[in-house]
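S.K.: First to last, the protein sequences are chains A and B.
Residue numbering for the first sequence follows the numbering used here, starting at 1 and increasing by one per position.
Residue numbering for the second sequence follows the numbering used here, starting at 1001 and increasing by one per position.
There are 2 protein chains.
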Amino acid sequence: MREEKRKRLEAKGWRVGNAAEFLQLTAGEAAYIDLKLKLASHLRKRREKWRLSQSALAGKLRSSQSRVAKMEVGDTSVSIDLLIRSLLTMGASQRELARVITRHRPAAAG
Amino acid sequence: MREEKRKRLEAKGWRVGNAAEFLQLTAGEAAYIDLKLKLASHLRKRREKWRLSQSALAGKLRSSQSRVAKMEVGDTSVSIDLLIRSLLTMGASQRELARVITRHRPAAAG
DNA sequence: TGTTTTAATGTCAGATTAGACATAATAGCT
DNA sequence: AGCTATTATGTCTAATCTGACATTAAAACA
Chain A
1 MREEKRKRLE AKGWRVGNAA EFLQLTAGEA AYIDLKLKLA SHLRKRREKW RLSQSALAGK
61 LRSSQSRVAK MEVGDTSVSI DLLIRSLLTM GASQRELARV ITRHRPAAAG
Chain B
1001 MREEKRKRLE AKGWRVGNAA EFLQLTAGEA AYIDLKLKLA SHLRKRREKW RLSQSALAGK
1061 LRSSQSRVAK MEVGDTSVSI DLLIRSLLTM GASQRELARV ITRHRPAAAG
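1. One question on the structure: do A/Leu87 and A/Leu43 come within less than 9 Å of each other, judged by their Cβ atoms?
2. From which residue to which residue does the alpha helix (DSSP H) around B/Gly1028 run?
3. Buried or exposed: which applies to B/Gln1024, given that a residue is buried once 16 or more other Cβ atoms fall within 10 Å of its Cβ?
4. Going by the CB atoms, is the gap between B/Glu1072 and B/Gln1054 shorter than 9 Å?
5. Spatial neighbours of B/Thr1026 within its chain, please: C-beta separation below 7 Å, excluding the five flanking residues on both sides.
6. If you draw a straight line from the alpha carbon of A/Leu52 to that of B/Ile1101, how long is it in whole angstroms?
7. Residue range of the alpha helix (DSSP H) that B/Val1114 falls in?
8. To the nearest angstrom, report how far apart A/Ala107 and A/Glu21 are at their CA atoms.
9. Assuming B/Arg1047 and B/Leu1035 are in contact, meaning their beta carbons sit under 8 Å apart, how far apart are those beta carbons, in whole angstroms?
10. One question on the structure: do A/Ser93 and B/Ala1031 come within less than 9 Å of each other, judged by their Cβ atoms?
11. For A/Gln94, name the three-state secondary structure that DSSP assigns.
12. Less than 9 Å between CB atoms is the rule here; does B/Arg1085 satisfy it with respect to chain A?
13. Buried or exposed: B/Gly1091, going by 16 or more other Cβ atoms within 10 Å of its Cβ?
14. Would you identify the three-state DSSP class for B/Gln1024, choosing helix, strand or coil?
15. I want to verify the contact list: residues of chain A whose CB lies under 7 Å from the CB of B/Arg1095, in sequence order.
16. For A/Arg103, name the three-state secondary structure that DSSP assigns.
17. Can you tell me where the alpha helix (DSSP H) with A/Ser55 in it begins and where it stops?
18. Count the other C-beta atoms from every protein chain shown that fall within 10 angstroms of the C-beta of B/Lys945, then say buried if there are 16 or more, exposed otherwise.
19. With respect to the alpha helix (DSSP H) encompassing B/Ser1066, which residues constitute its N-terminal and C-terminal limits?
20. How would you call B/Arg1085, buried or exposed, if buried means at least 16 neighbouring beta carbons within 10 angstroms?
21. Between the beta-carbon of B/Ser1041 and the beta-carbon of B/Arg1105, is there less than 9 Å?
22. Here's a check: name, in chain order, each residue in its chain whose Cβ is nearer than 6 Å to the Cβ of A/Val68, leaving out the five neighbours to either side.
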């Protein structure tokens, strides 16, 4: 958020923090979401590198296009468990997973 | 497995491989189990470092003693999702998770 | 523009998982 | 040995997750 905008909002009585504060998440919950989004976007990156459509990948994973779409955006109906299983069946190594987890995630557009 | 024992078994017609082969697991399934066991034993290590009983930890996690016990042995009824959520609410950092995932797991006693 | 392909979203029934409880096994101590 | 604390295992119901389907939105391309 731009500094100016923040000041304007705070002047109007808003308490401006990060998403976790806004949504009243605990640190653990925030970390969970962050982790999920990292795995989600990595799944997309891996699929795109292979030039597969979501349907094609769904076939390989024995899942459906809609679920792959939800995986890639980190939908609430998707568990980290499913993301990890999917990445593993796509051949991701544990080292690769570790790299993804450690990598910093770019903030969403405001 | 000791080399001698392997030879003896093979002489009797056994095809001796790793657990994945024996249980007919795909690479992805084997990696999933391996990952789960790493997280499971790390949970136990973290709990023991804090000198908490399973019941005490269960209280903090809003879970039950029996579930904590199952988490720590990587029971089939426990998802990687639950293990990660538990570790995160115990304050584990993402870097710590990455380290755990990458670390080599000592083989079970034969 | 229209047509086709691909991706996103909503919903739901069946499958899986989680917390809880009971109980058994084990460890630690006297 | 007994007694207590702790851990392990089995089972159940409620909650959550997943694959599937339908539909809509958005790209890609003629």
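The beta-carbon is built from N, C-alpha and C at its ideal position, and this holds for glycine as well.
As the structure is a computational prediction, the values presented were derived from the model and not from experiment.
M.R.: To lay it out plainly:
1. Looking up residue 87 of chain A in the first sequence gives position 87. Looking up residue 43 of chain A in the first sequence gives position 43. Contact: yes.
2. The count along the second sequence starts at 1 and reaches residue 1028 of chain B at position 28. Where B/Gly1028 is concerned, the enclosing alpha helix (DSSP H) stretches over 1027-1050.
3. The residue given as residue 1024 of chain B occupies position 24 in the second sequence. Exposed, by the Cβ-count rule.
4. Within the second sequence, residue 1054 of chain B is the residue found at index 54, counting from 1. Within the second sequence, residue 1072 of chain B is the residue found at index 72, counting from 1. Against a cut-off of 9 Å, the Cβ pair of B/Glu1072 and B/Gln1054 comes out as a contact.
5. For the purposes of this step, residue 1026 of chain B is identified with residue 26 of the second sequence, where counting begins at 1. Nothing meets the Cβ criterion.
6. On the first sequence, residue 52 of chain A is found 52 positions in, with the first residue counted as 1. On the second sequence, residue 1101 of chain B is found 101 positions in, with the first residue counted as 1. Distance between the alpha carbons of A/Leu52 and B/Ile1101 is about 28 Å.
7. Outside the shown range of chain B (1001 to 1110) lies residue 1114 of chain B, about which nothing can therefore be said.
8. On the first sequence, residue 107 of chain A is found 107 positions in, with the first residue counted as 1. On the first sequence, residue 21 of chain A is found 21 positions in, with the first residue counted as 1. Distance between the alpha carbons of A/Ala107 and A/Glu21 is about 15 Å.
9. Residue 1047 of chain B sits at position 47 when you count from the first residue of the second sequence. Residue 1035 of chain B sits at position 35 when you count from the first residue of the second sequence. Not confirmed; about 19 Å, so no contact.
10. Here the question's residue 93 of chain A lines up with position 93 in the first sequence. Here the question's residue 1031 of chain B lines up with position 31 in the second sequence. Their beta carbons are under 9 Å apart, which means A/Ser93 touches B/Ala1031 by this criterion.
11. Position 94 of the first sequence, counted from the first residue, corresponds to residue 94 of chain A. Collapsing the DSSP output to three states places A/Gln94 in a helix.
12. Start at 1 with the first residue of the second sequence, and residue 1085 of chain B comes out as number 85. Yes, because at least one Cβ of chain A sits closer than 9 Å to the Cβ of B/Arg1085.
13. The residue you call residue 1091 of chain B lines up with position 91 of the second sequence. Under this definition B/Gly1091 is an exposed residue.
14. The residue given as residue 1024 of chain B occupies position 24 in the second sequence. Coil, per DSSP.
15. Locating residue 1095 of chain B in the second sequence gives position 95, counting from the first residue. Simply Thr102.
16. The residue labelled residue 103 of chain A in the question sits at position 103 within the first sequence. When DSSP states are grouped into helix, strand and coil, A/Arg103 belongs to the coil group.
17. Here residue 55 of chain A refers to the residue found at position 55 when the first sequence is read from its first residue. A/Ser55: member of the alpha helix (DSSP H) spanning 54-61, first to last residue.
18. Since the displayed chain B opens at 1001 and closes at 1110, residue 945 of chain B lies outside it and no answer follows.
19. For the purposes of this step, residue 1066 of chain B is taken as residue 66 along the second sequence, with counting starting at 1. If you look at B/Ser1066, you'll find it in the alpha helix (DSSP H) that goes 1065-1073.
20. As a working mapping, residue 1085 of chain B is identified with position 85 in the second sequence. Buried, since its Cβ has 16 or more Cβ neighbours within 10 Å.
21. Counting from one through the second sequence, the residue named residue 1041 of chain B turns up at place 41. Counting from one through the second sequence, the residue named residue 1105 of chain B turns up at place 105. If you check the CB distance, B/Ser1041 and B/Arg1105 come in under 9 Å.
22. Taking the first sequence and counting its residues from 1, one reaches residue 68 of chain A at position 68. Cβ neighbours of A/Val68 beyond the five flanking positions: Gln54, Leu57, Ala58.
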